[in-house]
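> Here it is, the structure in full.
Numbering (the UniProt record's numbering), first residue to last: 1 to 417.
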């Protein structure tokens, strides 16, 4: 005779051939929280309660549970749990096996937050209380298909990549904005320096040249800085030397004294004024007239000034031709029509220097009919005024020197200048 009082009161458990279903604890019907107190107890439970003085105790540790036979593990279904066992074809043997070998995790009721324990083993899940004996509900755990698992992994990988790309894009935009601010700051600083230099030049021109009177100290410095007098040169030949007359050759004048009146300071001032007036009356030499500005000549012609005829003559360093007439540039060939090939050459040239602007920037360049040759002549303000995004402007302007060098190399390969 079985010693389980629950079997005597409620009868044998339903057969395991019933149709199963899956559910969670949130999908079950409301449970009676006092069901664990009213549940029938078997002889082992009664003996444990009597030995503990009337308090229900949890089972022994895992070592003792694993050493016990599977049939020795107590499983007490509640009326709700028994109904779920019948609906989902879960036998008592499966619950005992899950209790012995399964994984126990802490859980909570989704309705009232009551503490529950979930035991999982071999696809069987049953919810119990702290004693791990009461079967509140049970169900089959649907195994996850490998394809569904792979799809979920791929979705997670895709989300991670998208978030990483968004973060990189935000970082690139921030770096580009900082670089653009730095470029604008440098341009503004350069303009201010040029303006400051121009103002300083205007100020120096307005003041005129400074002439300072030489004081006694300046005279002493100039005297100290002057080189010492050279020694008199002596002739090495023994020929006759020209006689230099001296005061000894005129004995009548030796010791003579000036008999006239001594010059006064007024006479000296009058002589100085007379000399200054004579110097002012003399016409100053006329400065040479500067040549007029040369006319504009086409490349590679150059203009040269002839002082004799006071005319410009022109020469070409490439051909060596010299002429008086102003050279005229040959008419430029008509601009070729902008085609799809021109646009593809532009995109390919940008890709060669690793510049990949957005489609919006490419559409703007296409509407403006910008070719590879025109792109090298663009300036930073022109790119900004065209309505191109700052990131695209930064990428193009960062490689503008590389594009120009490539254009020069192409011209040299074709034999141009």
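All residues carry an ideal CB built from backbone N, CA and C; glycine is no exception. These numbers were taken from a predicted model, which means no experiment stands behind them.
What residue range does the beta strand (DSSP E) around residue 315 cover?
Per DSSP, residue 315 belongs to the beta strand (DSSP E) from 311 to 315.
> Is the segment 316 to 323 touching the segment 292 to 307, taking contact as three or more C-beta pairs under 8 Å?
Output reads yes: the segment 292 to 307 touches the segment 316 to 323.
> Which one or two residues does DSSP pair with residue 76 in a beta bridge?
DSSP, once it has assigned bridges, lists 134 as partnering residue 76.
> Could you check whether residue 375 and residue 349 sit closer than 9 Å to each other, using their CB atoms as the reference points?
Yes, the pair counts as a contact, with Cβ atoms nearer than the cut-off.
> Would you grab the beta carbon distance between residue 90 and residue 119 for me? Rounded to a whole angstrom, and I think it's under 8 Å.
At roughly 12 Å, the Cβ-Cβ gap does not stay under 8 Å, so residue 90 and residue 119 are not in contact.
> Secondary structure at residue 96, three-state DSSP: helix, strand or coil?
Reduced to three states, the DSSP call for residue 96 is helix.
> Inspect the beta-carbon positions of residue 314 and residue 327 and report whether they are closer than 9 Å.
Yes, the Cβ-Cβ distance between residue 314 and residue 327 is below 9 Å.
> For residue 71 and residue 168, what's the separation of their Cα atoms in angstroms?
Looking at the two C-alpha atoms, the distance is approximately 60 Å.
> Name the one or two DSSP bridge partners that residue 360 has.
Residue 360 is not bridged to any residue.
> Where does residue 185 fall in DSSP's three states?
Of the three classes helix, strand and coil, the one that applies to residue 185 here is helix, per DSSP.
> How many angstroms separate the CA atom of residue 21 from the CA atom of residue 175?
With a pLDDT of only 35 at residue 21, under 50, the local geometry of the prediction cannot be trusted, and no value is derived from it.
> Kindly list the residues whose CB is nearer than 6 Å to the CB of residue 372, restricted to its own chain and excluding five residues on each side of it in sequence; keep chain order.
345, 346 and 349.
> Using a Cβ-Cβ cut-off of 6 Å (strictly less than) and excluding sequence neighbours within five positions of residue 79, which residues of its own chain qualify?
The answer is none, since no qualifying residue turns up.
> Measuring alpha carbon to alpha carbon, tell me which of 330, 290, 331 and 178 ends up nearest residue 312.
Here the closest residue by C-alpha is 290.
> In three-state DSSP terms, what is residue 127?
Residue 127 falls in the strand class under three-state DSSP.
> So, under 8 Å CB-CB, residue 408 and residue 357 are touching, yes? Tell me the CB distance rounded to an integer number of Å.
That pair is no contact at about 23 Å.
> CA-CA distance, residue 186 and residue 318?
Answer to the nearest angstrom: the Cα atoms are 39 Å apart.
> State buried or exposed for residue 81, treating a residue as buried only when at least 16 other CB atoms are found within 10 Å of its CB.
Under this definition residue 81 is a buried residue.
> How far does the beta strand (DSSP E) with residue 108 in it extend, from its first residue to its last?
Residue 108 -> beta strand (DSSP E) spans 103 to 108.
> For the beta strand (DSSP E) containing residue 299, name the first residue and the last one.
First-last for residue 299: undefined, no H or E at that position.
> Below 8 Å on the Cβ atoms is my guess for residue 104 versus residue 132; work out the distance and round it to an integer in Å.
With a Cβ gap of about 7 Å, residue 104 and residue 132 count as contacting.
> In whole angstroms, what is the alpha-carbon distance linking residue 116 and residue 86?
Answer to the nearest angstrom: the Cα atoms are 22 Å apart.
> Leaving out the 5 sequence neighbours to the left and right, which residues in its chain are closer than 7 Å to residue 32 when beta-carbon positions are compared?
Unreliable placement is indicated for residue 32, whose pLDDT of 41 sits below 50; no coordinate value is reported for it.
> Evaluate residue 355 with the Cβ neighbour count: other Cβ atoms within 10 Å of its Cβ, from every protein chain shown; 16 or more gives buried, anything less gives exposed.
Burial call: buried.
> Less than 9 Å between the C-beta atoms of residue 330 and residue 300, yes or no?
Not a contact, by the Cβ cut-off of 9 Å.
> Does residue 390 come out as helix, strand or coil in the three-state DSSP assignment?
Helix.
> Could you name the residues of the same chain whose beta carbon sits closer than 6 Å to that of residue 122, not counting the 5 residues immediately before and after it, in chain order?
Excluding sequence neighbours, residue 122 sits near nothing in its chain.
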